[in-house]
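Trainee: Below you'll find the structure I mean.
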Amino acid sequence: MIDRPQSAGPASRPVSDFGLDDSVLPFAVEQLDVRGRVVRLGASVDQILGRHAYPAPVARLLGEALALTILLGSSLKIDGRFQLQTRSDGVVDMLVVDFDAPGRLRAFARFDAAGLADEAKGQDLRQDLLGRGHLAFTVDQGHEAARYQGIVALTGQGLEEAAHQYFRQSEQIPTYVRLAVAQSVTAQGVSWRAGGLMVQFLPSVSERRRPIDLHPGDAPEGTSLEAPAEDDAWTEAKALVATIEDHELVDPTLSSERLLYRLFHEPGVKVFDPQMVRDACRCSDDGVKAMLRGFSAEDRDEMVGDDGLIGVTCEFCSTFRVFDPKDFDA
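Everything in the sequence shown is counted per UniProt numbering, starting at 1 for the first residue and increasing by one.
Given below as structure tokens:
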């Protein structure tokens with residue numbers, strides 16, 4: 001536990017400056033009734049983005065989606081699954097990120113290369129490539145629990161703001177998210193990094209959350225709802241997190257514990273055991289075979305290439321598999 005600075009009492013232990021990539025660090029700021037997680041991604045995000053050789057704007061967007069998915073999905077139990085998916089009319093018309101607890105990660109993006117090139121030529125490349133559509137969060141807690149899905153409309157906002165809207169509308173938990181993606185240049189080459197931090201206000205007295213009421217719908221046109229006063233502790237927590245610079249979330253020399261200490265050294269911060277994540281696709285030979293068996297014989301005949309075989313490439317990990325159509329005749 002990293003507690004208050006020396007002036008307010010001895011620390012439980014020194015802050016660790018060991019930077020642990022591809023990990024999620026849960027924490028709590030008890031004085032502010034705040035809990036949260038910090039995610040730092042190194043090799044895992046670089047492998048996922050590099051495997052597909054995405055253009056930089058697309059890679060940054062998918063990197064943000066990876067960090068956000070881990071922040072939200074890492075609270076699941078051991079056999080849970082969490083998925084982030086977007087569908088929109090933007091240049092990046094689809095993002096899919098799967099998180100299989102406790103730490104398996106895979107993702108891909110689908111984009112219009114010509115549209116991306118046209119925007120780049122006009123030097124009017126938008127930071128937000130999602131356009132209009134929807135963002136869906138799907139939670140699957142296992143065989144005995146019902147699946148849950150929350151949907152947020154995409155209207156030109158980024159993933160950070162979409163996450164804020166999701167928690168305001170669906171969970172009504174005051175939540176603040178910061179995401180960052182960048183390329184690291186070293187003597188060994190160029191690699192992608194991503195990071196994120198999420199804080200949530202979870203007081204023991206639920207009334208302190210003071211959620212904003214949804215519009216009643218039958219009020220006269222032009223009627224505005226008065227937002228309730230925000231709890232002072234939550235205001236302070238948000239203000240502290242808002243001071244984070246993007247480079248702090250992706251800096252390999254700045255540990256997650258040191259970042260948290262910078263933010264919360266006055267109220268004190270408690271950290272818990274980190275959780276590791278890794279790039280790992282769930283596809284397999286048997287799984288693809290089962291999928292192919294689900295098609296009719298006529299459909300499989302249309303999949304046969306000039307070499308007389310059926311070739312299947314996984315969209316997530318780009319693994320290419322070849323199958324003999326005769327194996328499915330039975």
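Idealized CB from N, CA, C, for every residue including glycine.
(1) For the beta strand (DSSP E) holding H52, just list the boundary residues, first then last.
(2) Entirely within the segment 124-177 and at least 4 residues each: give me those alpha helix (DSSP H) ranges in chain order.
(3) L105 and D279: beta carbons closer than 8 Å?
(4) Give the straight-line distance between the Cα atoms of E257 and G308, rounded to the nearest whole angstrom.
(5) What residue ranges within the segment 250-322 form continuous beta strand (DSSP E) runs of no fewer than 3 residues, ordered along the chain?
(6) Does DSSP classify H102 as helix, strand or coil?
(7) In whole angstroms, what separates the C-alpha of A297 from that of D329?
(8) Using only the alpha-carbon positions, how far apart do S318 and S284 sit?
(9) For D98, tell me which candidate among G90, S74 and F320 has the shortest Cα-Cα distance.
(10) So, at 7 Å on beta carbons, what are the nonlocal neighbours of M303 in its own chain, with the 5 sequence-adjacent residues on each side left out?
(11) From I48 to V39, what does the alpha carbon distance come to, in whole angstroms?
(12) Hey, quick one: how far does the alpha helix (DSSP H) through T235 stretch, first residue to last?
(13) Would you report the Cα separation of D68 and L179, rounded to the nearest angstrom?
(14) How big is the Cα-Cα spacing for A153 and P267?
(15) Using DSSP bridges, identify the partner residues of P26.
(16) Within 10 angstroms of its Cβ, does V185 collect 16 or more other Cβ (buried), or is it exposed?
(17) Using beta-carbon positions only, say whether A239 and V34 come within less than 8 Å of one another.
(18) Tell me, please, whether the segment 159-175 touches the segment 193-208 by the rule of three or more beta-carbon pairs shorter than 8 Å.
(19) Tell me, which residues are paired with V58 by DSSP?
(20) Going along the chain, which residues of its own chain have a beta-carbon closer than 7 Å to the beta-carbon of residue 346, five neighbours each way excluded?
(21) Can you tell me which of the three DSSP states G195 falls into?
(22) Can you give the Cα-Cα distance for L159 and G36, rounded to whole angstroms?
(23) For the ligand FAD, I want to know if P252 counts as a neighbour, meaning its beta carbon is within less than 7 Å of at least one of the ligand's heavy atoms.
(24) Rounded C-beta distance between G142 and G80? I'm assuming under 8 Å.
(25) Quick one, which of H164, Q183 and D327 has its alpha-carbon nearest A56's?
(26) Assign Q83 to one of three DSSP states: helix, strand, or coil.
(27) So, A107 versus V96, is the Cβ gap smaller than 8 Å?
(28) Can you tell me whether DSSP reads A187 as helix, strand or coil?
(29) Which whole-angstrom value is the C-beta distance of R208 and G42, which I expect to be below 8 Å?
(30) Keeping to the same chain, check which residues put their C-beta closer than 6 Å to that of A145; ignore five residues upstream and five downstream.
(31) For S12, which of E64, K326 and Y261 has the nearest alpha-carbon?
(32) Where does E245 land, buried or exposed, given buried means 16+ other C-beta within 10 angstroms?
(33) Assign P10 to buried or exposed, taking buried as 16 or more other Cβ atoms, counted over all protein chains shown, within 10 Å of its Cβ.
Mentor: Inspection of the coordinates gives the following:
(1) Taking the sequence shown and counting its residues from 1, one reaches residue 52 at position 52. Taken as a continuous stretch (DSSP letters only), H52 belongs to no beta strand (DSSP E), being part of the alpha helix (DSSP H) at A43 to H52.
(2) Given a length threshold of 4 residues, each whole run of the alpha helix (DSSP H) inside the segment 124-177 is given here in chain order: 159-166.
(3) Looking up residue 105 in the sequence shown gives position 105. Looking up residue 279 in the sequence shown gives position 279. Annotated as proximal: L105 and D279, with beta-carbon spacing under 8 Å.
(4) Here the question's residue 257 lines up with position 257 in the sequence shown. Here the question's residue 308 lines up with position 308 in the sequence shown. If you take the alpha carbons of E257 and G308, they lie about 56 Å apart.
(5) Qualifying beta strand (DSSP E) stretches, in chain order: 310-313.
(6) Numbered from its first residue, the sequence shown carries residue 102 at position 102. Reading off the sequence, residue 102 comes out as Pro, not His. The DSSP-derived three-state label of P102 is coil.
(7) Taking the first residue of the sequence shown as 1, we reach residue 297 at position 297. Taking the first residue of the sequence shown as 1, we reach residue 329 at position 329. Near 8 Å, if we compare the C-alpha coordinates of D329 and A297.
(8) On the sequence shown, residue 318 is found 318 positions in, with the first residue counted as 1. On the sequence shown, residue 284 is found 284 positions in, with the first residue counted as 1. Rounded to the nearest angstrom, the two C-alpha atoms are 12 Å apart.
(9) Numbered from 1 along the sequence shown, position 98 holds the residue referred to as residue 98. Considering only G90, S74 and F320, the residue with the shortest C-alpha distance to D98 is S74.
(10) Within the sequence shown, numbered from 1, the residue matching residue 303 stands at position 303. Here the set comprises I310.
(11) Against the sequence shown, residue 48 aligns to sequence position 48. Against the sequence shown, residue 39 aligns to sequence position 39. Going by C-alpha positions, I48 is about 16 Å away from V39.
(12) Counting from one through the sequence shown, the residue named residue 235 turns up at place 235. Element bounds for T235: D232 to V241.
(13) Here residue 68 is taken as the residue at index 68 of the sequence shown, counted from 1. Here residue 179 is taken as the residue at index 179 of the sequence shown, counted from 1. The sequence given here places Leu at residue 68; Asp does not occur at that position. Rounded to whole angstroms, L68 to L179 spans 7 Å at the Cα level.
(14) As a first step, residue 153 must be located in the sequence shown, where it is residue number 153. As a first step, residue 267 must be located in the sequence shown, where it is residue number 267. For A153 and P267, the gap between their C-alpha atoms comes out near 36 Å.
(15) Here residue 26 refers to the residue found at position 26 of the sequence shown. Note: P26 sits in a beta bridge opposite R37.
(16) Position 185 of the sequence shown holds residue 185. V185 should be labelled exposed.
(17) The count along the sequence shown starts at 1 and reaches residue 239 at position 239. The count along the sequence shown starts at 1 and reaches residue 34 at position 34. Not closer than 8 Å, so no.
(18) Touching, yes, given that three or more Cβ pairs across the two stretches are closer than 8 Å.
(19) Locating residue 58 in the sequence shown gives position 58, counting from the first residue. Answer by DSSP bridge pairing: none, since V58 is not bridged.
(20) The displayed coordinates of the chain run from 1 to 330. Any statement about residue 346 would go beyond what the structure contains.
(21) Sequence index remark: in the sequence shown, residue 195 carries index 195 (1-based). Collapsing the DSSP output to three states places G195 in a strand.
(22) Reading the sequence shown from its first residue, position 159 is the one you call residue 159. Reading the sequence shown from its first residue, position 36 is the one you call residue 36. Their backbone Cα atoms lie some 18 Å apart in a straight line.
(23) Inclusion of the ligand FAD in the displayed structure is not the case, the ligand content being empty and no account of it being possible.
(24) As a first step, residue 142 must be located in the sequence shown, where it is residue number 142. As a first step, residue 80 must be located in the sequence shown, where it is residue number 80. Their Cβ separation, rounded to whole angstroms, is 6 Å, which keeps G142 and G80 in contact under 8 Å.
(25) Sequence index remark: in the sequence shown, residue 56 carries index 56 (1-based). It is Q183.
(26) Taking the first residue of the sequence shown as position 1, residue 83 is located at position 83. Correct three-state label for Q83: strand.
(27) Position 107 of the sequence shown holds residue 107. Position 96 of the sequence shown holds residue 96. Inclusion of A107 and V96 in the CB contact set at 8 Å is warranted, their separation being smaller than that value.
(28) Counting from 1 along the sequence shown, the entry for residue 187 is found at position 187. DSSP, read as helix, strand or coil, puts A187 in coil.
(29) Indexing the sequence shown from 1 puts residue 208 at position 208. Indexing the sequence shown from 1 puts residue 42 at position 42. Not really, about 37 Å apart at Cβ, beyond 8 Å.
(30) Residue numbering aside, residue 145 sits at position 145 when the sequence shown is read from its first letter. Answer for A145: no residue qualifies.
(31) Within the sequence shown, residue 12 is the residue found at index 12, counting from 1. With distances taken between Cα atoms, S12 lies closest to Y261.
(32) Residue mapping note: residue 245 aligns to position 245 of the sequence shown, counting from 1. By the 10 Å Cβ count, E245 comes out exposed.
(33) Mapped onto the sequence shown, residue 10 falls at position 10. Low confidence applies to P10: its pLDDT is 44, below 50, so where it sits in the model is not reliable, and the reading given next is rough at best. Its Cβ having fewer than 16 others within 10 Å, P10 is exposed.
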